[in-house]
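Beneath this line is the structure, given in structure tokens, with notes to follow.
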Amino acid sequence: MLFGGFFGGLTGKRKRTQTVHRLAAALNTLDYDIVRSLVTPDIKIRDAANRSIEGADAFIAADRRFREDTHRPQVRFDQITEHDDWLLVSGKLESALPELDGPVLLRIRFEGSQIAEIEITRAEPQLSVTKYDRMIRR
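Using UniProt numbering, the letters of the sequence shown correspond one by one to residues 1 to 138.
Written out as structure tokens, the structure reads:
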């Protein structure tokens, strides 16, 4: 049972890691049907300044606007580590715009096989989907 639990945990982590990479690919290609299948209907996206987006529809609309208005930046993930119930993800948002280009850190929580929560950390002058959404809704 010990090894079954261990290897079962690896399989779960592998599936969650694959889901995170699939989410990045779907966002980068604006494939929001895939995005919708990977996230819970009530997903919560928030950043370090407590700006937030709630719900799959709101997240998809905000991300579409963010990417289309900012020349479609691309997210790349370098490292994914499991910590308690969260995946810790480090990567980069690639863009020709200096206010976008740079490192990004994410904490991602799952409910079952879907992403339920994403916490975004970026250096303050850099934009994130949550910061951009707040700016344009003012």
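We put the beta carbon where it would ideally sit given N, CA and C, even for glycine.
None of the values given here were measured: they were computed from a predicted structure.
Residue pairing from DSSP places Arg76 in a beta bridge opposite Lys92.
Runs of alpha helix (DSSP H) with 4 or more residues, each lying fully within the UniProt domain "SnoaL-like" (20 to 117), are found at 32 to 38 and 56 to 69, listed in chain order.
One alpha carbon belongs to Thr81, the other to Ala49, and they sit about 23 angstroms apart. A distance below 6 angstroms between beta-carbons, with the five flanking residues on each side excluded, links Val129 to the following residues of its chain, in chain order: Ala62, Asp63 and Phe66. Beta-bridge partners of Thr130 (DSSP): none assigned. In the assembly as shown, Arg76 is an exposed residue. Its beta-carbon has fewer than 16 other beta-carbons within 10 Å.
Scanning Ile115, Glu68, His83 and Leu100 for the CA closest to the CA of His21 turns up Ile115. If you ignore the 5 residues before and after Thr17, its C-beta comes within less than 6 angstroms of the C-beta of Ile80, all in its own chain and listed in chain order.
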